[in-house]
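J.:
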Amino acid sequence: MSHIKKAIALFSGGLDSILAVKLILEQNIEVIGVRFETPFIESYCDHYIEQYLGISLIKKDISNDFKKILYNPRHGYGKRENPCIDCRILMFRKAGELMEEEKALLIISGEVLGQRPMTQNKRMLQLISEESGYANKIIRPLSALLLPETDPEKDKIIDRLKLLDIQGRSRKRQIALAEQWGIKKYPTPAGGCKLTEPSFAKRLNELMGKITNMNYHKGDIDLLKVGRHFSLNKEFKLVVGRNENENQKIISLFQPQDYLLSSQYCKGPVSLLRRYTDLDDEVMEVETVLDLASRIVARYCDKGHSSDLVDIVIWSYDKTFHQTRYVQSFSDSIIQHYLI
Ligand code: SF4
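To get my numbering, take the position in the sequence shown, counting from 1, and add 1.
#1: Can you have a look at H48 and say buried or exposed, based on whether 16 or more other CB atoms are within 10 angstroms of its CB?
#2: Keeping to the same chain, check which residues put their C-beta closer than 8 Å to that of S200; ignore five residues upstream and five downstream.
#3: Find out if the Cβ-Cβ distance for the pair K138, L107 is shorter than 7 Å.
#4: Taking P118 as the reference, which of A136, S263, P142 and K80 has the closest Cα?
#5: Does the stretch 231-239 come close enough to the stretch 294-304 that 3 or more CB-CB pairs lie under 8 Å?
#6: Within 10 Å of its beta-carbon, does N29 have 16 or more other beta-carbons around it, so buried, or fewer, so exposed?
#7: Does the structure place the stretch 88-103 close enough to the stretch 129-137 that three or more beta carbon pairs sit under 8 Å?
#8: Would you say N83 touches the ligand SF4, meaning its beta carbon is less than 6 Å from a heavy atom?
#9: Hey, G111 and A8: beta-carbon distance below 7 Å or not?
#10: With distance defined between alpha-carbon atoms, name the residue in E51, E38, L148 and P149 nearest to A96.
#11: Taking 6 Å as the cut-off, does the CB of T278 come closer than this to any heavy atom belonging to the ligand SF4?
#12: If S263 sits next to S253, beta carbons under 8 Å apart, how far is it from one beta carbon to the other, in whole angstroms?
#13: What whole-angstrom Cβ distance do I184 and R174 have, given they're in contact under 8 Å?
#14: Under a Cβ-count criterion, where at least 16 other Cβ atoms within 10 Å of its own Cβ denotes burial, should L162 be classed as buried or exposed?
#15: Between which two residues does the alpha helix (DSSP H) containing I1 stretch?
#16: Kindly indicate which three-state DSSP category T120 falls into: helix, strand or coil?
#17: Is any heavy atom of the ligand SF4 found at a distance shorter than 6 Å from the C-beta of L196?
#18: Which residue or residues does DSSP assign as beta-bridge partners of C194?
#19: As an exercise, report each continuous alpha helix (DSSP H) stretch of at least 4 residues that is fully enclosed by the stretch 243-282, in chain order.
#20: Would you check if the distance between the CB atom of D312 and the CB atom of Q265 is smaller than 7 Å?
#21: Would DSSP call R229 helix, strand or coil?
#22: Shorter than 6 Å, the distance from the beta carbon of C302 to the closest heavy atom of the ligand SF4, or not?
#23: Using only the alpha-carbon positions, how far apart do E288 and P84 sit?
What follows is the structure, given as structure tokens:
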């Protein structure tokens, strides 16, 4: 039987989670990091883990569970479309399951009391712990002295006196601690969740109006992260690349229900037209949509601000549809009407 004491660390990759892990490693406890993934969380560089902590990191995709809470969060949304309280409950619950699988004794996270108004006040930290089902096993090492004692502390698995009493939004103590431990470079605090960004939240909201029961795929979410977005009607959305990287990304997200649009003779973007329902449409309506989309795309071609006609080539995924239209670009005021 193994006598190694193990902890599971919710690892966001920011300085606070690095410091929380460090405090626990200092107590001769093995730490397994876990990073939860959803299409909304941006990936970051993992080399800090190797460089400063030398722990193993497990990545767990929680997209399906997350979809349910995004659709109907019991504790509501934050400022944007971010269901942070339910999200933290889900993450601690999943970390608890991992703790059991790994026969670990506790769960840690780098949360700091009072750092984030929605999820890190005393009442919310307690509620999140309780609703995860693992309240007595969750320790927040950076603020532990300000929070109720947990089982691993009572059982002397962890020396509570070596934990800290940091609170508030100032990062002075964390930065001092980082210097003391020779931690010089680290990712910026948390961030990385697209749901907290106003423009992304707006696009997501618009997408939700086009689909039922959060029936989105990862590609739909990835598409929200690139280009200019236009809502053409309740079924169709147009995404126009803003640079070569975005053009390439848009091409990589091309799917069977989509059309791609681009000009052959003018310098301009690659654009993707996506249809979100399977309703049988009148051919006329698709025609109208293709015309709308072509005239928007034409605006972003180098002849888009002149009165010249612009050629727009449109093709479907299986190439059974391939057409060139010569269109007059829309004016800025019309473009604004469709812009999300
Ligand atoms: S910001 Fe995003 S990842 Fe972080 S708790 Fe909120 S919803 Fe979850």
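Note that CB positions come from ideal geometry on N, CA and C, so glycine has one too.
T.: So, from the listed chains and residues:
#1: Counting Cβ neighbours within 10 Å, H48 comes out exposed, since fewer than 16 surround it.
#2: Around S200: no qualifying Cβ.
#3: Yes.
#4: Closest option to P118, Cα to Cα, is K80.
#5: Here the stretch 294-304 lies against the stretch 231-239, with 3 or more beta-carbon pairs under 8 Å apart.
#6: Here N29 is exposed, its C-beta having fewer than 16 other C-beta atoms within 10 Å.
#7: Taking 8 Å as the limit for Cβ pairs, the verdict is that the stretch 88-103 does touch the stretch 129-137.
#8: At least one heavy atom of the ligand SF4 is nearer than 6 Å to the Cβ of N83, so yes.
#9: Their beta carbons are not under 7 Å apart, which means G111 does not touch A8 by this criterion.
#10: Of E51, E38, L148 and P149, the residue nearest in Cα terms is E38.
#11: Incorrect: T278 has no Cβ contact closer than 6 Å to the ligand SF4.
#12: Between S253 and S263 the Cβ distance is about 15 Å, and since that is not below 8 Å, they are no contact.
#13: Rounded to whole angstroms, the Cβ separation of I184 and R174 is 13 Å, and the two are not in contact under 8 Å.
#14: L162 is exposed by the Cβ-count criterion.
#15: Past the boundaries of the shown model lies residue 1; the chain is included only from 2 to 341, so the question cannot be answered.
#16: Here T120 sits in coil by DSSP.
#17: For the ligand SF4, at least one heavy atom lies less than 6 Å from the Cβ of L196.
#18: Residue pairing of C194 in beta bridges, as defined by DSSP: I42.
#19: If we require 4 residues or more, the alpha helix (DSSP H) runs fully inside the stretch 243-282 come out as 245-253.
#20: Contact: yes.
#21: Of the three classes helix, strand and coil, the one that applies to R229 here is strand, per DSSP.
#22: C302 Cβ: outside cutoff for every heavy atom of the ligand SF4.
#23: Taking the straight line joining both Cα atoms gives about 39 Å.
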